[in-house]
Each structure stands twice: as structure tokens, then as C-alpha cells.
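Here's the structure we're looking at; comments come further down.
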Amino acid sequence: CPAGFIGDFCEMDINECCSDPCLHGAICRDLLNGYLCHCRAGWTGLHCELDINECLPQPCNQGMCIQNEPGYGYTCFCRPGFVGRNCEHNYDDCLVQPCPGGYSCVDSINEVSCQPAEGDMSSVPWEPSMTQTPRGSLLTTSPMSPVSPYSEQPTDSSYVQYSGNSYLEFEGIDLGANNNITVSFRPRRPRGPSCTWTKEQ
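Under our numbering, think of the first position of the sequence shown as 37, with each following residue one higher.
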């Protein structure tokens, strides 16, 4: 008989799938003198013996790819500021960290900037930074307005002077699940007006 046939007159086609050559739940299709394995998701190879590495094409744009159990694909662990099945979207941080009234929120990667309304240059913009550092501290004071030459320079790091178009910028602070952030402003004169702004997260 030619290959793939048996019987007194070679009338019977041998079913090569009877030996269960396909692995991991694959479906075997009998062919003339052969077979074809239709693999389940996550498997490849002649007998579906090879686990596909779904992380090999690096599908996680802004994150780390972890291969799941065979047949269950992969999981992306996104860098801060990114979301989506493949970390393909920049999360809008303005949704969870809105700006105070009168300011417009500008989203960046894992941080926001609060800008004063256009034309209002007397306000002090609030610019939180989400850089992960152990403590928050003052970075700059009054970058748009020079410090008066006759003013006394502070030694206390919690003290800052500003005027007109100046603003405060702080390093990022590691935050827990619940936070209460308070920023207080007070003039050097003891009886002058003061301002306190509190944000709960």
C-alpha cells in the first residue's frame, strides 16, 4: 500500500490522529499520510509543544511585560502615569489632582501643572511635582521676580519670600493612601494677612 493506507486492497486511510500526537488540548486534523495540529491560544509548534512568549514583541509600551500561564497571554505593569492594556495611554492626572479654582490644569506624565488664568499675572501658580523623593522641600523661589536687595535672606528652609509674578516649586513627596497637604502663606509682619490652602487626597 502507498503511505497512509492499509487494507487488503489498500482501501483504508490511516487516521494518524489516533495516536494523539497533538499536545496541550490541541485539535488534530487527519490528512492524507499525515496530520495537522490546531493549537490552543498560547501554544505553537508541530505538536503544539512550544509555549509562545507573548512578551517577546515587547507589547507593553511604557511598562514591564509579565508572561502569564500558557494560554492566558501577558500582563503589562505600567510605569506611573500610563494606563491601558499595553500601557499605551497617558493617564489624565488632572482627574485626580485638580487645580484650585481660577487655575487651569495642564497634564503631563505623572504630574500636573496649575497655570493661572490667561492675563492674570498676579496669582501664584501651584505646581505639584509627583517625582518620588523621600521628602518635599523648596526648590526655587521667585524665578520671575528678583529678590529685593535689601530683604533679609531666610535661613529656615520652610520660609520663602515672593512677590508679584513669583511662584513656589517643591520636590515630590512620597504619599500614602490618605494625605492631608497644607500650604500656609504669611507676611513677615506679624499682624499682616495670611492664607492657608489645604488639599486632601
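Backbone N, C-alpha and C fix where the C-beta goes; we use that ideal spot for every residue, glycine too. Remember, it's a predicted structure, so these values are computed and weren't measured experimentally.
Beta strand (DSSP E) segment containing residue i, residue limits
| i | result |
| --- | --- |
| Phe113 | Tyr110 to Cys114 |
| Leu82 | No beta strand (DSSP E) contains Leu82, which DSSP labels as neither H nor E. |
| Ile63 | Ile63 to Leu67 |
| Tyr71 | Gly70 to His74 |
| Tyr139 | Tyr139 to Asp143 |
7 Å Cβ shell around residue i - same chain, five flanking residues per side excluded
| i | result |
| --- | --- |
| Asn104 | Tyr110 and Thr111 |
| Asn97 | Asn122, Cys123 and Glu124 |
| Cys101 | Cys91, Gln94, Pro95, Tyr110 and Cys112 |
Distance, residue j Cα to residue i Cα
| i | j | result |
| --- | --- | --- |
| Pro164 | Cys141 | No answer about Pro164 holds up, because its pLDDT of 47 lies below 50 and its placement is not dependable. |
| Asp87 | Leu59 | 11 Å |
| Ala153 | Gly117 | 25 Å |
| Gly78 | Cys46 | 39 Å |
| Ser178 | Phe113 | In this prediction, Ser178 scores a pLDDT of 38, lower than 50, which makes its location untrustworthy; no coordinate-derived value is stated. |
| Gln151 | Val132 | 17 Å |
| Ser199 | Arg115 | With a pLDDT of 44 at Ser199, under the threshold of 50, the predicted position of this residue should be treated as unreliable, though the coordinate-derived value follows. Computed Cα separation, rounded: 38 Å. |
| Pro134 | Gly99 | 25 Å |
| Pro136 | Val119 | 25 Å |
| Gly70 | Gly107 | 26 Å |
Own chain, CB closer than 6 Å to residue i, minus 5 neighbours either side, in chain order
| i | result |
| --- | --- |
| Gly43 | none |
| Cys84 | Cys58, Leu59, His60, Ala62, Cys73 and Cys75 |
| Arg65 | Leu72 |
C-beta atoms of residue i and residue j nearer than 7 Å
| i | j | result |
| --- | --- | --- |
| Gly40 | Leu72 | no |
Contacting residues, own chain, Cβ-Cβ under 8 Å from residue i (five flanking each side not counted)
| i | result |
| --- | --- |
| Asp49 | Gly40, Phe41, Asp66 and Leu68 |
| Cys37 | Gly43 and Cys46 |
| Asp56 | Cys64 |
Spell out a yes or no on whether the stretch 144 to 151 and the stretch 124 to 131 are touching, meaning 3 or more CB-CB pairs, one atom from each, closer than 8 Å. yes
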